[in-house]
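Residue numbers (this note's numbering), protein chains in the order written: chain X, 972 to 1192; chain H, 972 to 1192.
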DNA sequence: TAAGTCCTTACGGATTTCCGTAATCGCAGG
DNA sequence: CCTGCGATTACGGAAATCCGTAAGGACTTA
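Written out as structure tokens, the structure is:
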């Protein structure tokens, strides 16, 4: 089993929870923690330079801002930077994100080794994930493996952006202007109409207001 | 210090984190945990009947649904039901919610003893909170004490009803019809327009969709 | 009684939404 | 090569939204 692990997670209680689980569930003793990305990076670099490198990083994705100004503000940057000095480090992401496409992106672009969703069954999943990653496996969460069979509506980034803008009260014309300004395609009003119609169907919404209400209730926004 | 505590929190890692903190930070040994509201309630009742009652409940507000069908689905119901059998039980709510009006509502209507926000400094806050509640204090989180108490919009029942209907996708004409059928006055489209305009002003909303999004975010709906 | 205020209602018009139809383009398969 | 499919774009029209003006009724206050 891994002998030296770093946990990067800004929410203290979650941080302590992770430590407790991998300590008691897997018998790992040498566990270090960080509440800030930059701090995690420095700990990593120092351990590497001292020839006592970490073997596993368990990190959150989002780190809230506070008084300590950070260079890195997300787990993604942290992983990228750590991989530069220690390319083969095993990485498990532990995050709220449950959208399959988002999670898949992490595996594809960031080449992480495992993902655990914050949730009701995170203890067992985390233990399984660490064990799997130690064996050399790539451990996908149930949210992804079961996604194909579920009737969950999959939203891509464009959909999320649309819903976000609408919930901020922008009209479709304003959204079009914004997209053109940001050079994001597609950016025609009729395409946006089409995408919205699809969302209406998917969520069985009667109009934009209803749609935003539904998505807010589902916590997708 | 408290000697027997129940932690109700569906996210396992957070659950473990809370236990670790109050165990190591406060030296409390007899800590029980529940991932479901109903389970927490049953543990509570049994302990009370066995004359070994809990002295403190630390509970989350939202509990995700899963395969186990629950009677109680939120921490609010849990607290209400537990208070019926043990009115003086101390209650600390530990939740994501950071909106002052929502949190204040918990103190006023649910008469809880303390509140801790899931966040970066939750460990210290939780320890302080438990200590304060043990002394008999009511422990408000910094989010509330530091909040300015001015920008509160007061909604009457008619406003709430309007917002509710709109968020369910009804058009104003449909709302008018519904009001007339229910013999509720006022019920003209232009009055509804007026009321809505006022809500737009109050919440600085640009249109209906924006308004519903804001109200949903504020947790008023 | 008269004036002022607030609530309700009516109406019109500029704008936006919602939903059709249809044309164009890139692209994979036969 | 061509055919079909999906994504994008354009356009139009009925309905709905948003916001202004205005009028009538209920109430208080002088």
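C-beta: ideal position from N, C-alpha, C; glycine also.
Which value, in whole angstroms, describes the spacing of the CA atoms of residue i and residue j?
i	j	result
residue 1121 of chain H	residue 1071 of chain H	Per-residue confidence for residue 1121 of chain H stands at a pLDDT of 49, beneath the threshold of 50, marking its modelled position as unreliable; no derived number is given.
residue 999 of chain H	residue 1060 of chain H	17 angstroms
residue 1056 of chain X	residue 1086 of chain X	22 angstroms
residue 1017 of chain X	residue 1005 of chain X	14 angstroms
residue 1041 of chain X	residue 980 of chain X	14 angstroms
residue 994 of chain H	residue 1097 of chain X	22 angstroms
residue 976 of chain X	residue 1014 of chain H	36 angstroms
residue 986 of chain H	residue 990 of chain X	12 angstroms
residue 1128 of chain H	residue 1177 of chain H	22 angstroms
residue 1150 of chain X	residue 1111 of chain H	43 angstroms
residue 1094 of chain X	residue 984 of chain H	6 angstroms
residue 1037 of chain H	residue 1091 of chain X	9 angstroms
residue 1021 of chain H	residue 992 of chain H	27 angstroms
residue 1181 of chain X	residue 1062 of chain H	36 angstroms
residue 1054 of chain H	residue 1179 of chain H	40 angstroms
residue 1113 of chain X	residue 1175 of chain X	26 angstroms
residue 1145 of chain H	residue 1145 of chain X	28 angstroms
residue 988 of chain H	residue 1168 of chain H	46 angstroms
residue 1081 of chain X	residue 1081 of chain H	45 angstroms
residue 1003 of chain X	residue 1003 of chain H	27 angstroms
Measuring from the CB of residue i, is there a heavy atom of the ligand GDP at a distance below 7 angstroms?
i	result
residue 1110 of chain H	As presented, the structure is devoid of all ligands, the ligand GDP included, so that no description of it is given.
Quick one: residues in its chain with C-beta nearer than 8 angstroms to the C-beta of residue i, no 5 flanking neighbours on either side, listed in chain order?
i	result
residue 1164 of chain X	1143
residue 1183 of chain X	1134, 1137, 1138 and 1192
residue 1147 of chain H	1158, 1159, 1160 and 1163
residue 1046 of chain X	979, 1008, 1030, 1031, 1032, 1033, 1034, 1064 and 1066
residue 1130 of chain X	1166 and 1170
Considering Cα atoms alone, identify which of the options is closest to residue i.
i	options	result
residue 1083 of chain H	H:1019, H:1027 and H:1021	H:1027
residue 1100 of chain X	X:983, X:1002 and X:996	X:996
residue 1089 of chain X	X:974, X:1004 and X:982	X:982
residue 974 of chain X	X:984, X:992, X:1001 and X:988	X:1001
residue 1109 of chain X	X:1003, X:1079, X:1039 and X:1168	X:1079
residue 1126 of chain X	X:1189, X:1145 and X:1180	X:1189
residue 1132 of chain X	X:1186, X:1003 and X:972	X:1186
Can you tell me which residues form a DSSP beta bridge with residue i?
i	result
residue 1189 of chain H	Per DSSP, none; premise fails for residue 1189 of chain H.
residue 1029 of chain H	H:978 and H:1063
residue 1005 of chain H	H:979
residue 1085 of chain X	X:1063 and X:1110
residue 1161 of chain H	Beta-bridge pairing links residue 1161 of chain H to no other residue.
residue 1045 of chain H	H:1033
Using a Cβ-Cβ cutoff of less than 7 angstroms, which residues in the same chain neighbour residue i once the five nearest sequence positions on both sides are dropped?
i	result
residue 1043 of chain X	1008, 1009, 1012, 1049 and 1052
residue 1140 of chain X	none
residue 1024 of chain X	1018 and 1057
residue 1077 of chain X	1064, 1083 and 1086
residue 1039 of chain X	1007
residue 1194 of chain H	Past the edges of chain H, shown from 972 to 1192, lies residue 1194 of chain H, and the structure says nothing about it.
residue 1117 of chain X	none
Could you name the residues of the same chain whose beta carbon sits closer than 6 angstroms to that of residue i, not counting the 5 residues immediately before and after it, in chain order?
i	result
residue 1074 of chain H	1086 and 1115
residue 1124 of chain X	1173
Original post:
Are the segment 1098-1107 of chain X and the segment 1152-1166 of chain H touching by the rule of at least three beta carbon pairs closer than 8 angstroms?
Top reply: no
**OP:** Evaluate contact between the segment 1059-1076 of chain H and the segment 1031-1039 of chain H, counting only Cβ atoms and requiring at least three cross-stretch pairs below 8 angstroms.
**Re:** Yes, since at least three Cβ pairs between the segment 1059-1076 of chain H and the segment 1031-1039 of chain H fall closer than 8 angstroms, the two stretches touch.
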